[in-house]
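Residue numbers (our numbering): 37 to 227.
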Amino acid sequence: MIGKPERHTQNRVIALFRDELKYRYLGDWSDRANSNIDEALATSWLKKAGHTPEQISRALYLLRTDADNLTRGLYANNQKVYALLRYGVPVKVEAGKVTETVKLIDWGHPELNDFAIAEEVTLKGGHERRPDLVLYLNGIAIGVIELKGSHVSLSDGIRQLLSNQQKQFNEWFFSTVQLVFAGNDSEGLRY
Numbered sequence: 037m038i039g040k041p042e043r044h045t046q047n048r049v050i051a052l053f054r055d056e057l058k059y060r061y062l063g064d065w066s067d068r069a070n071s072n073i074d075e076a077l078a079t080s081w082l083k084k085a086g087h088t089p090e091q092i093s094r095a096l097y098l099l100r101t102d103a104d105n106l107t108r109g110l111y112a113n114n115q116k117v118y119a120l121l122r123y124g125v126p127v128k129v130e131a132g133k134v135t136e137t138v139k140l141i142d143w144g145h146p147e148l149n150d151f152a153i154a155e156e157v158t159l160k161g162g163h164e165r166r167p168d169l170v171l172y173l174n175g176i177a178i179g180v181i182e183l184k185g186s187h188v189s190l191s192d193g194i195r196q197l198l199s200n201q202q203k204q205f206n207e208w209f210f211s212t213v214q215l216v217f218a219g220n221d222s223e224g225l226r227y
């Protein structure tokens, strides 16, 4: 596969996720407003999971609050988001009511989760960037894959991922992301 362009690799990776891993293909997201928490996808999944509109609204508000906390920095935000992904969001929708946990991921029944992949996800911020592939789990961006043509060093993809996470670029997007990958056809995939 030496000499193959990035697009060839990207098409193969999309086919792997879509056809073999059964991810839902969301399409090319280069011309839309993108976020690390896609409210429509998350709301749809949480409704299917049996949560009320009030619980959903409150859970997504609390998730967004932890993901977007400007006082903590990316690492601390990512830790807080991980805890919410792993253990759920404690939600109280009315005074005097018991706090309930809204699970953002069904860890006990993984097949009930909504696994999706989008390509060319444009991130607007200090500098516009466009990760090649973003993995969404129940509407939450949990993985970013940066691909390079086989003639471009894998280290270029790693550098790009690192710079994308800087404040002056798109740090905000990576507060929910749990895995980042860089790859090409000649050197493979690294996380």
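Virtual Cβ for every residue (Gly too), placed ideally from N, Cα, C.
Owing to the predicted nature of the structure, the values given are computational and were not obtained by experimental measurement.
Assign residue i to buried or exposed, taking buried as 16 or more other Cβ atoms, counted over all protein chains shown, within 10 Å of its Cβ.
i: A119; result: exposed
i: V117; result: buried
i: Q115; result: exposed
i: V134; result: exposed
i: E147; result: exposed
i: M37; result: In this predicted model, M37 has a pLDDT of only 48, less than 50, meaning its place in the structure is not dependable enough to derive any value.
i: F209; result: buried
i: H69; result: The sequence shown places Ala at residue 69, not His. So A69 counts as exposed.
i: A78; result: buried
i: L52; result: exposed
i: L159; result: buried
i: P89; result: exposed
i: N47; result: exposed
Where does the unbroken alpha helix (DSSP H) through residue i begin, and where does it stop?
i: R60; result: First-last for R60: R60 to D64, but that is the beta strand (DSSP E), not the alpha helix (DSSP H).
i: T79; result: E75 to K84
i: A69; result: Segment: none, A69 is in no alpha helix (DSSP H) and carries neither H nor E.
i: Q46; result: E42 to A51
i: D55; result: Unbroken run through D55: none, as it is neither H nor E.
i: D91; result: Looking at the sequence shown, residue 91 is not Asp but Gln. Q91 -> alpha helix (DSSP H) spans P89 to A103.
Using a threshold of 9 Å, state whether the C-beta atoms of residue i and residue j are closer than that.
i: I171; j: T45; result: According to the sequence shown, residue 171 is Leu rather than Ile. It is not a contact, given that the beta carbons lie outside the stated cut-off.
i: G175; j: D150; result: yes
i: D74; j: S211; result: no
i: A76; j: H87; result: no
i: V180; j: L140; result: no
i: H163; j: N206; result: yes
On the DSSP letters alone, give me the boundaries of the beta strand (DSSP E) that residue i sits inside.
i: I178; result: I176 to L183
i: A131; result: First-last for A131: undefined, no H or E at that position.
Residues bridged to residue i by DSSP?
i: N220; result: G224
i: R165; result: L159
i: L173; result: F151 and I176
i: V138; result: V125
Which whole-angstrom value is the C-beta distance of residue i and residue j, which I expect to be below 8 Å?
i: E228; j: W65; result: No answer is possible for residue 228: it lies beyond the span of the chain, which begins at 37 and ends at 227.
i: I153; j: Y59; result: 5 Å
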